[in-house]
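Enquirer: My questions will all concern the structure given below.
Residue numbers (UniProt numbering): 1 to 557.
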């Protein structure tokens, strides 16, 4: 029997079945050595006696089914234990695998949708909206925001493609799914916030013309699922991955748990793995130094336009990721000096999670480019994204070395600096993308191009004539761009437009006027619509104004 009261359960209001994790105890020994006590998963149907499902939360007014699952002294037969009696006590493994798949696929999908929508819709808006008779897409601040959103969008799309392939291969990578959840939802948040900044007034006025406001309202939802990103970043990623992903540490820890009958074999395994761990650390130290120096030289002599050659772009950035991977591996080895204290050093784990996330997404971005390199302009966007990711990883490792904790923190930090940055600042070569690249990327996503078409994939476009702001922006972009070209040509040639040119310019002006409008409401509540209603702030205003006018008249008289 089980009693439970759970909240924040996704799809609970509409789900036909629910997976329930419970701490199974067997005081009477009914399991009889078949299965174990401990964390167990049961699968209950919605109409199971005693199970209450249906009430829902309202997460920021979003159409997101989320609610409660409750039960008091609910009888759960052994047939409803997932895997039967033999799998009692093995629920943690099942939960971990299920969470890994869902977290790594569904949550990043929302960020991918945000990236495609914002780059498509807001990118078109920046070219259609004019300020001082100039499209705001020509303003440097707008270009910076659009290029950052575009490269964040590419990173989330690339990461999503790779994660989907991993899951499709029947793998459930717990650490990578945490990396994807934290990084993609954070980048999705920044994409939407930049879109709000660019759209400005049209983004904060609710109504049919606002295509981004609802996304902004609901963006924290994915971030808070399974613990907010603060916990994912500062605890889960490195806390789970440090031993899981090390080639020797897990086997060494397993040997410590061996029974007395296997003590001799356990000691032999422990000694062998201990030597291998030391050798692995020394190998990482050497690789980190040599690759750090080599990659620095390659970066210093590299041309700013080298990315235009796709093969060179792939070769260069793959070598940089190999260098950063060696730096990260060395840092992970040094973390073992903290022993059990590591789980309390969340600032360090957060910085290492940043580095690991940037490295993984860098590989995902390169993999994506290798499969889609026929898209014109993708080289520039990939270069922009890779430069940012390499800078993020470098900065995270630098901050970790400056603040390495523990009794031997100063020693470990010094070793880390020597290994990761052997020549000091000289071997920290990564910088933010140059302005020329930022402008190029911004132009590609704010004018008709293959790169814009790439972002517009799977973005809903309503039939022409249907009231749909996003669709109208996307359709109107080519018209406004062509009209701007004609207007610029007329100024250069100092002539009047032809009839066709005048028609196109007039059409573009009309489209612009429609698309920059926001919704206006005479009333927002039924109370305001009642006959004789006066807003509280206006009560007595007429009388006060009349009295003021009489006073002025008397003073003049």
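For every residue, glycine included, the Cβ atom is placed at its ideal position computed from N, Cα and C.
(1) What are the residues that DSSP puts in a beta bridge with residue 10?
(2) Which value, in whole angstroms, describes the spacing of the CA atoms of residue 159 and residue 531?
(3) According to DSSP, what are the bridge partners of residue 52?
(4) Pull the bridge partners of residue 81 from the DSSP assignment, please.
(5) In terms of alpha-carbon separation, which member of 135, 444 and 6 lies closest to residue 54?
(6) Under the assumption that residue 282 contacts residue 270 (Cβ atoms under 8 Å), give the Cβ distance between them as a whole number of angstroms.
(7) Can you list the alpha helix (DSSP H) stretches of 4 or more residues lying completely in the region 222-301, in chain order?
(8) Among residues of its own chain, excluding the 5 on either side of residue 387, which ones have a beta-carbon nearer than 6 Å to its beta-carbon?
(9) From the DSSP output, read off the bridge partner residues of residue 327.
(10) Identify the continuous alpha helix (DSSP H) that holds residue 207 and give its terminal residues.
(11) Taking the continuous alpha helix (DSSP H) assigned at residue 366, which residues delimit it?
(12) Can you give me the Cβ contacts of residue 201 inside the same chain, cut-off strictly under 7 Å, excluding the 5 residues immediately before and after it?
(13) Find the nearest neighbour of residue 312 within the set 358, 141, 383 and 355, judged by alpha-carbon distance.
(14) Over what stretch of residues does the alpha helix (DSSP H) that includes residue 309 continue unbroken?
(15) So, is residue 469 buried or exposed, given that buried needs 16 or more other C-beta atoms within 10 angstroms?
(16) Quick one: grab the DSSP three-state call for residue 172.
(17) Can you tell me which of 97, 538, 138 and 339 puts its alpha carbon nearest to the alpha carbon of residue 406?
(18) Assign residue 150 to one of three DSSP states: helix, strand, or coil.
(19) Ignore the nearest five residues each way along the sequence and tell me which others in residue 355's own chain have a CB closer than 6 Å to its CB.
(20) On a CA-only basis, which of 84, 52 and 91 is nearest residue 73? Give me that one, please.
(21) Going by alpha carbons, who is nearest to residue 233 out of 209, 208 and 177?
(22) When the Cα of residue 39 is compared with those of 50, 278, 45 and 24, which residue comes out closest?
(23) Tell me the DSSP secondary structure of residue 394 in three-state form.
(24) What is the DSSP secondary structure of residue 137, reduced to helix, strand or coil?
(25) Do you know whose CA, among 128, 248, 454 and 300, lies nearest residue 275's CA?
(26) Bridge partners of residue 23, per DSSP?
(27) Report the rounded CA-to-CA distance for residue 126 versus residue 511, giving the unit in angstroms.
(28) Which two residues bound the contiguous alpha helix (DSSP H) that contains residue 76?
(29) Label residue 296 either buried or exposed according to how many other C-beta atoms from any shown protein chain fall within 10 Å of its C-beta, with 16 as the threshold for buried.
(30) Give the straight-line distance between the Cα atoms of residue 440 and residue 136, rounded to the nearest whole angstrom.
(31) Can you name the start and end residues of the alpha helix (DSSP H) that residue 478 belongs to?
(32) Could you check whether the region 447-461 touches the region 116-135, counting it as contact only if at least three pairs of C-beta atoms, one from each stretch, sit closer than 8 Å?
(33) DSSP on residue 457, reduced to helix/strand/coil?
Expert: Reading from the atomic positions:
(1) According to DSSP, which records beta bridges pairwise, residue 10 is partnered with 66.
(2) Here the alpha carbon of residue 159 sits roughly 56 Å from the alpha carbon of residue 531.
(3) Partner(s): 70.
(4) Answer is 42, bridged to residue 81.
(5) Ranking the options by Cα distance to residue 54, first place goes to 6.
(6) Wrong, their Cβ atoms sit about 19 Å apart, outside the cutoff.
(7) Unbroken alpha helix (DSSP H) stretches of 4 residues or longer found wholly inside the region 222-301: 237-244, 249-255 and 263-300, given in chain order.
(8) Around residue 387: 433.
(9) For residue 327, DSSP assigns no beta-bridge partner whatsoever.
(10) Counting along the chain, residue 207 falls outside any alpha helix (DSSP H), and DSSP gives it neither H nor E.
(11) Note, residue 366: alpha helix (DSSP H), 346-372.
(12) Once the five neighbours on either side are set aside, the close Cβ partners of residue 201 are 518.
(13) When each option's Cα is compared against that of residue 312, the closest is 383.
(14) Taken as a continuous stretch (DSSP letters only), residue 309 belongs to no alpha helix (DSSP H), as it is neither H nor E.
(15) In this structure residue 469 is buried. Its beta-carbon is surrounded by 16 or more other beta-carbon atoms within 10 angstroms.
(16) Coil at residue 172, not helix or strand.
(17) When only C-alpha atoms are compared, the closest one is 339.
(18) Secondary structure at residue 150: helix, using DSSP grouped into helix, strand and coil.
(19) Taking residue 355 as the centre and dropping the five residues before and after it, the same chain places the C-beta of 328, 393, 396 and 397 closer than 6 Å to its C-beta, in chain order.
(20) Checking every option, the nearest Cα to that of residue 73 belongs to 52.
(21) Nearest in C-alpha terms to residue 233, of all of 209, 208 and 177, is 177.
(22) Nearest option by C-alpha distance: 24.
(23) In this structure, residue 394 counts as helix in the three-state DSSP scheme.
(24) In the structure shown, residue 137 sits in a helix (DSSP, three-state: H, G or I).
(25) In terms of CA proximity to residue 275, 248 leads the group 128, 248, 454 and 300.
(26) Its beta-bridge partners are 39.
(27) Rounded to the nearest whole angstrom, the CA to CA distance from residue 126 to residue 511 is 14 Å.
(28) Residue 76 -> no alpha helix (DSSP H), and no H or E assigned at all.
(29) Burial is judged here by how many other beta carbons sit within 10 angstroms of a residue's own beta carbon; residue 296 has at least 16 and is buried.
(30) When the Cα atoms are used, residue 440 and residue 136 turn out to be separated by approximately 15 Å.
(31) Its alpha helix (DSSP H) spans residues 469-493.
(32) Here the region 447-461 makes contact with the region 116-135; the two share three or more CB pairs at distances below 8 Å.
(33) DSSP places residue 457 in coil when its eight states are reduced to three.
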